[in-house]
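From first to last, the protein sequence lines stand for chains A and B.
Under our numbering, the first residue of the first sequence carries the number 80, and numbering increases by one thereafter.
Under our numbering, the first residue of the second sequence carries the number 27, and numbering increases by one thereafter.
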Amino acid sequence: MKKKLLSLLLAATMVVSLAACGGSTSNTPSAEPTPTKAAAKNTPAAQATNTPTPTPVSVQEMKFSQAPTVKSTAKVEDRLPVKTDVFIEQVDANGNPLEIGVYGGNLNLLGGSSGWNTSRAMLETIIHYNTDGSYYPNVIKSYSVSSDYKVWTFKLREGMRWSDGEPFTADDIVFWYEAVHKTNFDTKADWTALRENDEKNGDFAVLTKVNDYEVTWTFQNPKYPASFIENGDFKWCWAPEHYLKDLIPHSVWAESTLSDEEVLIKAKEKGLDFEKVKDLGKQTTYYFWNWPGIPTLNSYVISTEAGLNNYKGATCEYLRNEYFWKVDANGQQLPYVDKLVYTMTTAEGQEILLFLSGKLDVIGVTMDKISSTLADAGDSADLRTFSGSGWGTCQITFNYTSTDKNLADLFAKSAFRQAMSISVDRNEVSGLLYDNFLDPGQACPSIGNFGYDEEWSKKWTEYDPAAAKKLLESCGLVMGKDGYYDFADGTDLLITFYYVADSGDDKTYTVLKNYWSKVGIRTDAREFTREAYDQKIDNNDWVASCGPTTSIGGLGLNDRPAPFVPIAEAAEWYGEYGTYYQYSGEKGVKPTGDFQKLVDLYNEWKATPDRSKKDEIALKIYDIHKENLWSIAYLEGIGSYKLINSKIHNFPDNLVSADLYQYDNIAHFWTFFIK
Amino acid sequence: MDTNTNCNVNKDQTKSWDKIINSLKDFFGKDIVRYIVKRILMFIPTIFLVSFLVFFVIQLPPGDYVSSEVAKLAGEGEYLSEKEANDLRAEYGIDKPFIVQYGMWIRDIIWTPTDSQYYRINHSHHNWKYSFEQKKNVWTVIEERLGITILISSIIMIFQYAVSIPIAVYSATHQYSAGDYIASIVGFLGAAIPNFVLAFVLMYLSYKWTGNAQVGLETKEGVIGFLKSLVIPIIVIGTSGTCGIIRSVRAQMLDEIGRQYTLTARAKGVKESTIIMKYCFRAAINPTVSGLGGILSSLFSGSTVTAMVLGLQIQGPQLLAALQAQDMYLAGSIVMVQAILVVIGILLSDIVLAFLDPRIRYSGGSR
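Right, here's the structure in full:
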């Protein structure tokens, strides 16, 4: 689990990832999802053995076959797209060849109250990412963009069908755009991917159906990949017109002649019992995979059987999509596993008992539970590691826009932040909080991630209380008779840390405060509910924040830029500077100095189409973070860990967990088989 | 002739009406019926009061469903603006004053008019409102777990009474015997050990011995599998109740066995088994029967903490989840149904008690 175990693999990923980022050209995509050059190099030795290499594929000669449990009487060839447009799964997200699987069995997964939980195993999106950040067209056959970046073209897979057997065509994209998205029926009309100038209220792009299998998106201004095809929000752009067209009322879509009530009645007839049109819209077009009867393009569809079709229920089943459009290298229609069975637990820790009892096949575990659970499970379990994208663990940050001038001036001083950083014994903290699983670290990209810099990861990490005291004095603080520093004007220095209750942050503060106290920094803490905490941050009514993370960093600006640059009312480390940008100067505090530089660089990054140039700008942004360390982390970034039934094949190791990659979705569950 | 016939018919009709009225008079004149009618009339304001308190208490924590939803979505990387959150509040009607929300809630449960959209869509006059969290009608959500909850709770209840009453009678009739001591020790242990601790221990032992920790209910492996998965819940939930019943029935039995009527019966040569079962036991069971009032409610809600530990997807954990998410109509409805069942349960237990023990008289009823 420690980085020593991963360093070889991840270092290789990092080097290759940078190379790949520089070389990728999103406007000349490959129609076939073959291993990327980068990923191919990144083959972990452990996986290369015992892995049958798929036979070379000649699509025209390929004979398709299907699972024995398929109920449809239509031939498998008729349920798949035409041969040239079938998606052939040959490699995993690391670029390693997939084993040819066998059909059958169920995959038992952990249920959850979040609508996204079930999506991880089955959601099919416009593009798919590899762990190195490269990507390829997924649901769409290909995409291209005009040289001026104003016209994007999507080509679809001919013969592709919805899970109910109806053809999936350009009409479904036009329907989604005109009836579902632009009308805000999906409640997501403010996505910037389809708006001019990446503004929430910018004009919508013009969508044109070229033919049944081709559409174009036309913008008045250049629309670069980062804000269109790579935009993390823009996961799909389709909805089943044949199913949904009589579920949208006139009040939402002018072309409809139905009243709200008529629509709700029709929805009820289809088993969709919603009280409000707004809920009907959001659930059937945004969380569509969770509602029975709605056709999808995903690998599995929710059961229609009562008692098994509530994703928040005790047990929920998702059955094989018999019209799924992917095959393996031997032409076997995917997925291999018959159904996904989600089981809900009622208390934390039950998932481990269920896993050990053989009733769950995949569970997430925290580091401290890995060895004991593996020991109990014996040969029946394997570990899979997802490297995290967070910038360090056990973080603190300060309110740089505090209305208390003394505090704001102090926080702005680099020497003060350095003192707060080196006054803590990181090794001891790791032992106390994480059973020594995490190494000392800093708020910086994790090893293996874009922008990783060893020097940065070690900056201000050496434990030196004496030096910390000198730095504090250099900030103008004066040691008081009580053994704590005061401001030069004689007022007491007290730093109040705010944290969220029941999030584990209280432990972080309890451990850290003793170190600060030893160097003469008086602190206290206030605990809030998540809602009250967010309100304090939004209202600029806070002093300092403490927790496992403080909303800085992540996979990269492509994923979500707000954790890197002060552009939203979102992150603690830039306080009101972000509010200023979000509200175009109407609210918040105008950024100055390096905060302003971040904003300028972000604007430049947005306006740059070329991926390698964008990365150069991103690295400049990172350099500013490295210089300032507005957030301080005491330990390295934390990954996520899965224990899996050892009978599951094709579950890759060393994946990357990130929002942009849809977290576990990058494991490609539809290629799993049980043997 | 015709006139006479008509007269006779009229007389017969009058007689039969008199008969009905007299029998009704007799019926309503009885203490028990008066008592029941009175209790049913009291039932209505009680339910209103309980429902008001429930709704009030549920709204006490700071924030509302929308604020907890906003925080949850933020955790998933989805951000709602202040305007969107306020729109949601307006959409769900939770921006209205508390008393208005309560009034609308209770009104729609009692009678949703025919000209309402809800009636036109659902053809029901009772709108239990909407579960924000589940995006379903509250009654649909409650119904989903109602069957399994009642089934499990009934099995546990039957287990409790079937085991505890014979043990209690044995203990009382064999006072200070080895069996009595064993029953007492087990009884005290069962009452003293918190259910959730016992649950953990049994789950651990089950895992160690069978490789299966028995978390949750097994619904996919037939009746045997289902019953197997019920063993731990029955032992955990059942034993705690069993202990209480054993102690109570045993004490009452000892009290009755020592009474003069028992002595007299014995002196007159009545069979010992008849004395115990027909006289002593009948009197001793009274406190247990009066405790039946809570059973209907517990059948519905289950034992929440133990259900959480054991992973039983019954109504109790659902209530907790609703409270945590501030899903007020769902939480309110579950608690209100429980309250109604408590009131009905008490009523039923009083009726059963009256039949069991004719000495019991109701206020204002002695003739």
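Beta carbons: idealized from backbone N, C-alpha and C, even for Gly.
Q. Can you tell which of A:E340, A:Q412, A:L722, A:G654 has its C-alpha closest to the C-alpha of D157 of chain A?
A. Within the first sequence, the letter at position 78 stands for residue 157 of chain A. Taking only the C-alpha atoms, the option nearest D157 of chain A is A:Q412.
**Q.** Interface flag, S93 of chain B vs chain A, CB-CB below 7 angstroms
**A.** Walking along the second sequence from the start, residue 93 of chain B turns up at place 67. Judged by the 7 angstroms Cβ criterion, S93 of chain B is in contact with chain A.
Q) Hey, out of A:K229, A:E237, A:G184, A:A737, whose CA is closest to S221 of chain A's CA? A) Mapped onto the first sequence, residue 221 of chain A falls at position 142. The residue with the shortest Cα to Cα distance from S221 of chain A is A:E237.
Q. Got a sec? Which residues, its chain only, sit under 8 angstroms from T138 of chain B by beta carbon, not counting five neighbours each side?
A. In the second sequence, the residue the question calls residue 138 of chain B occupies position 112. Here the set comprises Y144, Y145, S150, H151, H152, N153.
Q) Going along chain A in order, which residues have a C-beta closer than 8 angstroms to the C-beta of P343 of chain B? A) For the purposes of this step, residue 343 of chain B is taken as the residue at position 317 of the second sequence. Within chain A, the residues near P343 of chain B are T425.
Q. For the putative contact between I727 of chain A and D407 of chain A, defined by C-beta atoms under 8 angstroms, what is the C-beta separation to the nearest angstrom?
A. Numbered from 1 along the first sequence, position 648 holds the residue referred to as residue 727 of chain A. Numbered from 1 along the first sequence, position 328 holds the residue referred to as residue 407 of chain A. That pair is no contact at about 16 angstroms.
Q.
Would you say I66 of chain B lies against chain A (beta-carbon separation less than 7 angstroms)?
A. Start at 1 with the first residue of the second sequence, and residue 66 of chain B comes out as number 40. No, I66 of chain B does not count as interfacial toward chain A.
(Q) Using beta carbons (cut-off 7 angstroms, strictly below), is I753 of chain A in contact with chain B? (A) Here the question's residue 753 of chain A lines up with position 674 in the first sequence. False, the Cβ-Cβ gap to chain B never drops below 7 angstroms.
(Q) With three or more beta-carbon pairs closer than 8 angstroms as the criterion, would you say the region 158-177 of chain A touches the region 206-217 of chain A? (A) Put simply, the region 158-177 of chain A touches the region 206-217 of chain A. At least three CB pairs are less than 8 angstroms apart.
Q: Tell me, to the nearest whole angstrom, how far the beta carbon of I366 of chain B is from that of I260 of chain B; I am working on the premise that it is less than 8 angstroms.
A: As a first step, residue 366 of chain B is located in the second sequence; it is residue number 340 there, counting from the start. As a first step, residue 260 of chain B is located in the second sequence; it is residue number 234 there, counting from the start. Their Cβ separation, rounded to whole angstroms, is 27 angstroms, which puts I366 of chain B and I260 of chain B out of contact at 8 angstroms.
Q: Would you mind telling me which residues of chain A sit closer than 9 angstroms to A333 of chain B, beta carbon to beta carbon, in chain order?
A: Mapped onto the second sequence, residue 333 of chain B falls at position 307. Neighbours of A333 of chain B on chain A, chain order: T425.
(Q) Can you confirm whether Q339 of chain B, when its beta carbon is compared against all beta carbons of chain A, has any partner nearer than 7 angstroms? (A) As a first step, residue 339 of chain B must be located in the second sequence, where it is residue number 313. Yes, its Cβ sits closer than 7 angstroms to a Cβ of chain A.
Q | Three-state secondary structure assigned by DSSP to L591 of chain A | A | Reading the first sequence from its first residue, position 512 is the one you call residue 591 of chain A. Note: L591 of chain A maps to helix in three-state DSSP.
Q. For E606 of chain A, which residues does DSSP report across the bridge?
A. Along the first sequence, read from residue 1 onward, the residue named residue 606 of chain A stands at position 527. A:Y578.
**Q.** Bridge partners - K721 of chain A, DSSP secondary structure assignment
**A.** By one-based count along the first sequence, residue 721 of chain A stands at place 642. In the DSSP output, where bridge partners are listed per residue, K721 of chain A has A:G443, A:R463.
Q) Considering only C-alpha positions, which residue in the set A:V444, A:Q139, A:G184 is nearest to K162 of chain A? A) As a first step, residue 162 of chain A must be located in the first sequence, where it is residue number 83. If we check each option's Cα against that of K162 of chain A, A:Q139 comes out closest.
Q: Apply the 10 Å Cβ neighbour rule to K234 of chain A and answer buried if 16 or more other Cβ atoms are within range, or exposed otherwise.
A: Counting from 1 along the first sequence, the entry for residue 234 of chain A is found at position 155. By the neighbour-count rule (16 or more Cβ atoms within 10 Å), K234 of chain A is buried.
Q: Starting from E170 of chain B, follow the alpha helix (DSSP H) in both directions and report where the run begins and ends.
A: Position 144 of the second sequence, counted from the start, is the residue given in the question as residue 170 of chain B. Start and end: 164-199.
Q: Quick one: residues in its chain with C-beta nearer than 7 angstroms to the C-beta of Y182 of chain A, no 5 flanking neighbours on either side, listed in chain order?
A: Along the first sequence, read from residue 1 onward, the residue named residue 182 of chain A stands at position 103. Answer for Y182 of chain A: A146, P147, Y415, listed in chain order.
**Q.** Buried/exposed call for A188 of chain B, threshold 16 Cβ in 10 Å
**A.** Numbered from 1 along the second sequence, position 162 holds the residue referred to as residue 188 of chain B. Result: exposed.
(Q) Check whether chain A comes within 7 angstroms of Y145 of chain B, counting only Cβ atoms and requiring the distance to be less than that. (A) One-based indexing of the second sequence puts residue 145 of chain B at position 119. No, Y145 of chain B lies away from the interface with chain A (no Cβ there is under 7 angstroms from its Cβ).
**Q.** Residues of the region 330-352 of chain A whose Cβ lies closer than 7 angstroms to any Cβ of chain B, in chain order
**A.** E340, L343, I344, K347, D352
Q) Taking 7 angstroms as the CB-CB cut-off, is Q358 of chain A touching chain B? A) For the purposes of this step, residue 358 of chain A is taken as the residue at position 279 of the first sequence. Residue identity differs from the one stated: residue 358 of chain A is Asp in this sequence, not Gln. So yes, D358 of chain A belongs to the interface.
Q. Near E683 of chain A, what residues of its chain come up, given a Cβ to Cβ distance below 8 angstroms and the 5 sequence neighbours on each side ignored?
A. The sequence position of residue 683 of chain A within the first sequence is 604, counting from 1. Cβ neighbours of E683 of chain A beyond the five flanking positions: I696.
Q. What residues from the region 150-182 of chain B come within 7 angstroms of chain A, judged by C-beta to C-beta, listed N to C?
A. Y156, Q160, K161, K162, N163, T166, E170
Q | Stretch-stretch touch, CB-based, cutoff 8 angstroms, three pairs: the region 329-342 of chain A with the region 266-276 of chain A | A | no
Q.
Here's the rule I'm using: 16 or more other beta-carbon atoms within 10 Å means buried, otherwise exposed. How should P304 of chain A be labelled?
A. Reading the first sequence from its first residue, position 225 is the one you call residue 304 of chain A. The residue in question, P304 of chain A, is buried, as its Cβ has 16 or more Cβ neighbours within 10 Å.
Q. When you compare only the Cα positions, how much space is there between L243 of chain B and G337 of chain B?
A. Within the second sequence, residue 243 of chain B is the residue found at index 217, counting from 1. Within the second sequence, residue 337 of chain B is the residue found at index 311, counting from 1. Answer to the nearest angstrom: the Cα atoms are 8 angstroms apart.
Q.
Give me, in chain order, the residues of the same chain whose beta-carbon lies closer than 7 angstroms to that of Y612 of chain A; leave out the 5 immediate sequence neighbours on both sides.
A. Residue numbering aside, residue 612 of chain A sits at position 533 when the first sequence is read from its first letter. Counting only Cβ-Cβ distances below 7 angstroms, and skipping sequence neighbours, we find Y577, V579.
Q) Of all the residues that make up the region 72-89 of chain B, which are near chain A by a beta-carbon distance shorter than 9 angstroms? A) P87, P88, G89
Q: List the residues of chain A that G129 of chain B touches, going by C-beta distances under 9 angstroms, in chain order.
A: Counted from its first residue, the second sequence places residue 129 of chain B at position 103. Result: empty, since nearest Cβ-Cβ is about 18 angstroms, beyond 9 angstroms.
Q. Helix or strand or just coil, what does DSSP make of T300 of chain B?
A. Residue mapping note: residue 300 of chain B aligns to position 274 of the second sequence, counting from 1. Correct three-state label for T300 of chain B: helix.
Q | Alpha-carbon to alpha-carbon, N217 of chain A and T287 of chain A | A | Within the first sequence, residue 287 of chain A is the residue found at index 208, counting from 1. Within the first sequence, residue 217 of chain A is the residue found at index 138, counting from 1. Their backbone Cα atoms lie some 21 angstroms apart in a straight line.
Q: Please name the residue in B:V262, B:A293, B:I311, B:G295 whose C-alpha comes closest to that of D281 of chain B.
A: Position 255 of the second sequence, counting from 1, holds the residue named residue 281 of chain B. With distances taken between Cα atoms, D281 of chain B lies closest to B:I311.
Q. If you check the beta carbons only, do N744 of chain A and L188 of chain A fall under 7 angstroms apart?
A. Indexing the first sequence from 1 puts residue 744 of chain A at position 665. Indexing the first sequence from 1 puts residue 188 of chain A at position 109. The answer is no: Cβ separation not under 7 angstroms.
Q: Express the C-alpha separation of G216 of chain B and T140 of chain B in angstroms, rounding to a whole number.
A: Residue numbering aside, residue 140 of chain B sits at position 114 when the second sequence is read from its first letter. Residue numbering aside, residue 216 of chain B sits at position 190 when the second sequence is read from its first letter. Approximately 53 angstroms between the Cα atoms of the pair.
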